[in-house]
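Residue 291, in numbering that gives the first Met the number 0, is where the sequence shown stops; the numbers in between run on with no holes.
The structure appears right after this line, and notes come after that.
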Amino acid sequence: MKYRITHTTKYTYSEAVPVCHNLVHLKPRDTPAQTCEYYRLLILPDQSKVSERLDYFGNTAAYFAIDQAHHGLSVTATSRVSVAVAKNADTGTTLAWEEVQNRLRTDRSAEVLDAYQFVFDSPYVERFEALADYVRPSFEAGRPILEGVLELTARIHDDFKYDPRATTVHTPIHEVFEQRHGVCQDFAHLQIGCLRSIGLAARYVSGYLRTEPPEGKPRLVGADASHAWLEVYCGDAGWIGVDPTNNLRAATDHITLAWGRDYNDVCPIQGTIVGGGERKMTVSVDVAPGEE
């Protein structure tokens, strides 16, 4: 599947901003199932102080600064991405979850050590006992890890209500757990916390989800949105993506931008400004099939 993606973030300020510094994660990753064929970052006011590097997790991070007075900022990332059908692990043949848990604790190979760092607390995902209590019914003794993960994904989808007004990017997961409301970021953090609470490795994935318009309705350009899901280390089966917001395994409709311990590592755009008075931000995302 091929996609054309346009992601525009605009800021307007009531007072001039003399200087700003920004970090963005907007370039789609190359993975075994995904290839970024084209990428361009357009920043207005126009300036040339953009530097790119690979961050600790292998994501492309771009940094730029604007040192001239401005009343607005526009950041547009345009990309073309090809997503292939990944080889799906058979649910019932994955290793028992305790075997994966033990391997993470004891195996010091490069692959498992890389996964082991995603077992621990991170800025937006702190484990607490209620998470372990919630996750245990899905992970009875000897159960194949992917079976447990998929059941947990379905339970979160059923038990928690999608509500974009219920949380902010800074809402801790214990509040999400208590109020049973949130958005994709919250549900990804919640499931990550559940899995880490029983010693499994899970990482946060930032990206996009292709959405289909209602039957008979045109696709609205710019009406898509950023999305978040998670990947779980399943031993010999590697990393497998699941989407608790939609109760899905990540597939060709999921386009990966970046992954990390949580949202804090892969925020699409973040920065620091001086002044500016009142500020307003708008975001437009368009995910279109490449053959359109």
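Ideal placement from N, C-alpha and C gives every residue a C-beta, glycine not left out.
Here the structure is a predicted model, which means the values were calculated and not measured.
- For glycine 141, the CB contacts under 6 Å within the same chain, skipping 5 residues up- and downstream, are Ala95 in chain order.
- Shown here for glycine 275: same chain residues with a beta carbon closer than 7 Å to its own, the five before and five after excluded, namely Tyr12, Glu14, Val16 in chain order.
- Secondary structure note for phenylalanine 186: its alpha helix (DSSP H) is the uninterrupted segment 183 to 195.
- Its Cα nearest to that of valine 204, the residue Leu256 stands out among Leu256, Thr7, Ala165, Ile172.
- If you look at valine 82, you'll find it isn't in any alpha helix (DSSP H); it sits in the beta strand (DSSP E) that goes 69 to 82.
- With a 10 Å radius around the Cβ and a threshold of 16 neighbouring Cβ atoms, alanine 83 comes out exposed.
- For glutamine 33, the enclosing beta strand (DSSP E) begins and ends at 33 to 43.
- In this structure, the straight-line span from the alpha carbon of valine 168 to that of glycine 240 is close to 22 Å.
- Beta-bridge pairing by DSSP links cysteine 19 to Ile65, Ile272.
- With respect to the 8 Å criterion, aspartate 185 and threonine 210 are not classified as neighbours on the basis of their beta carbons.
- Sequence-distant Cβ neighbours of threonine 8 in its own chain, meaning closer than 6 Å and more than five residues away, are Val74, Ile268, Val282.
- With distances taken between CA atoms, glutamate 98 lies nearest to Cys233 out of Cys233, Tyr115, Asp261.
- Boundaries of the alpha helix (DSSP H) harbouring glycine 147: 144 to 158, taken from the DSSP string.
- Look at alanine 95 here: in three-state DSSP terms it is strand.
- CA-CA distance, serine 78 to valine 23, rounds to 14 Å.
- Non-local beta-carbon contacts of valine 134 in its own chain, meaning distances under 8 Å to residues more than five positions away in sequence, involve Leu151, Cys193, Leu194, Ser196, Ile197 in chain order.
- Under the three-state reduction of DSSP, tyrosine 123 is assigned to coil, being neither helix nor strand.
- Non-local C-beta neighbours of arginine 179 in its own chain, meaning closer than 8 Å and more than five positions away in sequence, comprise Asp158, Phe159, Lys160, ordered along the chain.
- With fewer than 16 other beta carbons inside 10 angstroms of its own, aspartate 89 counts as exposed.
- Uninterrupted beta strand (DSSP E) stretches at least 3 residues long and entirely within the segment 222 to 256 occur at 225 to 232, 238 to 242, given in chain order.
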